[in-house]
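From first to last, the protein sequence lines are chains A and B.
Under the working numbering, the residue at position 12 of the first sequence is numbered 12, and the numbers go up by one with no gaps.
Count along the second sequence from 1, then add 1000; that gives the number in the working numbering.
Each residue gets a CB set at the ideal place from its N, CA and C atoms; glycine is no exception.
Every value quoted in this text rests on a predicted model; they were computed, and no experiment measured them.
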Amino acid sequence: NAGVTQTPKFRVLKTGQSMTLLCAQDMNHEYMYWYRQDPGMGLRLIHYSVGEGTTAKGEVPDGYNVSRLKKQNFLLGLESAAPSQTSVYFCASSHRGRASYEQYFGPGTRLTVT
Amino acid sequence: AQSVSQHNHHVILSEAASLELGCNYSYGGTVNLFWYVQYPGQHLQLLLKYFSGDPLVKGIKGFEAEFIKSKFSFNLRKPSVQWSDTAEYFCAVNLPNNAGNMLTFGGGTRLMVKP
Chain A
1 NAGVTQTPKF
11 RVLKTGQSMT
21 LLCAQDMNHE
31 YMYWYRQDPG
41 MGLRLIHYSV
51 GEGTTAKGEV
61 PDGYNVSRLK
71 KQNFLLGLES
81 AAPSQTSVYF
91 CASSHRGRAS
101 YEQYFGPGTR
111 LTVT
Chain B
1001 AQSVSQHNHH
1011 VILSEAASLE
1021 LGCNYSYGGT
1031 VNLFWYVQYP
1041 GQHLQLLLKY
1051 FSGDPLVKGI
1061 KGFEAEFIKS
1071 KFSFNLRKPS
1081 VQWSDTAEYF
1091 CAVNLPNNAG
1101 NMLTFGGGTR
1111 LMVKP
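Encoded structure:
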């Protein structure tokens, strides 16, 4: 099992450019999440999905869009990148059901917007 | 909305020292509590969790945490740290019935263990 994988690992964008981050999981999890990690602020939830074809906003959704066309994939899009979106982005997944189920994290994508 | 506070942003210890990292949360009802660890260059992984029962929970690598409901705390402890415990530690909380099992994370504590 690869677990949760993320593509790409690193990316540098210029202000205004767009990109898509791909998250894939092979654990047949129903729930998937996108977080950003900034120094001193921990991880903050951007968007999440409770199933194929459904998405919802998290704590910091502005400037991002997501799609979950297939159960195993969760895409995060930046339509017009801004320097404030410089961060490390983590994808996670978990089983549906009890909130005590742990989330499994990917290795992260380090994004720099200049 | 619930919030999570980790009091220490940076901790430096020598090997064999004891560790206690503080975590407080702001929700008054029933919660699930987690500690995740991120070793340098790696992804987050679960250290331990509490959702019911014995408030003293044991996790991997000799870590334990105690849930004290009256203090809204879930502090992480280890009697004797090793150099390999150098990492960033995150406390997280969620509500048992929240749609999507969303987690709220604290700001993290960077632990450096000197050999």
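So if DSSP puts residue i in a beta bridge, which residue, or which two residues, is it bridged to?
| i | result |
| --- | --- |
| B:A1065 | B:V1057 and B:L1076 |
| A:R110 | A:F10 and A:V88 |
| B:R1110 | B:H1010 and B:E1088 |
In angstroms, rounded to a whole number, what distance separates the CA positions of residue i and residue j?
| i | j | result |
| --- | --- | --- |
| B:G1053 | A:G40 | 32 Å |
| A:A82 | A:T112 | 9 Å |
| A:E102 | B:C1091 | 13 Å |
| A:G53 | A:M32 | 12 Å |
| B:V1057 | B:K1049 | 7 Å |
| B:I1068 | B:F1074 | 6 Å |
| A:L13 | B:K1071 | 45 Å |
| B:L1019 | A:S18 | 44 Å |
| B:F1063 | B:R1077 | 6 Å |
| B:T1109 | B:F1034 | 14 Å |
| A:T20 | B:A1099 | 26 Å |
| B:N1101 | B:F1051 | 13 Å |
| B:Q1082 | B:T1030 | 34 Å |
| A:T7 | A:F74 | 11 Å |
| A:K9 | A:T109 | 4 Å |
| A:G77 | B:P1115 | 43 Å |
| B:Q1045 | A:T15 | 33 Å |
| A:K70 | B:A1016 | 48 Å |
Kindly list, in the order they appear in chain A, the residues whose Cβ is closer than 9 Å to that of residue i.
| i | result |
| --- | --- |
| B:N1024 | Under the 9 Å cutoff, chain A gives no residues; its nearest Cβ is about 14 Å from B:N1024. |
I want to verify the contact list: residues of chain B whose CB lies under 8 Å from the CB of residue i, in sequence order.
| i | result |
| --- | --- |
| A:P107 | Q1042 and H1043 |
| A:Y101 | N1101 |
| A:S94 | N1101 |
| A:F90 | H1043 and L1044 |
Which chain A residues sit within Cβ distance under 7 Å of residue i?
| i | result |
| --- | --- |
| B:H1009 | G40 |
Taking residue i as the query, report the chain B residues whose CB atoms sit under 7 Å from its CB, ordered along the chain.
| i | result |
| --- | --- |
| A:S80 | By Cβ distance, chain B contributes nothing, its closest Cβ being about 26 Å from A:S80, past 7 Å. |
Problem set entry | Near-chain A residues of the stretch 1043-1055 of chain B (beta-carbon distance less than 9 Å), N- to C-terminal order | H1043, L1044, Q1045, L1046, K1049, Y1050, F1051 and S1052
For this session: Could you run through the stretch 41-71 of chain A and flag, in chain order, every residue whose CB is less than 9 Å away from some CB of chain B?
Result: M41, G42, L43, R44, L45, Y48, S49, V50, A56, G58 and E59
For this session: At 4 residues or longer, and completely inside the stretch 2-59 of chain A: list those alpha helix (DSSP H) runs for me, N to C.
Result: none
Problem set entry | Interfacial residues, the stretch 1083-1107 of chain B to chain A, with Cβ spacing under 9 Å | F1090, C1091, A1092, N1094, L1095, P1096, N1097, N1098, A1099, G1100, N1101, M1102, L1103, T1104, F1105, G1106 and G1107
Problem set entry | Positions along the stretch 7-38 of chain A whose CB lies within less than 7 Å of some CB in chain B | Y31
Exercise. For the stretch 1019-1043 of chain B, which segments carrying the beta strand (DSSP E) assignment without a break, of at least 3 residues, lie completely within its bounds, in sequence order?
Worked result: 1019-1021 and 1032-1038
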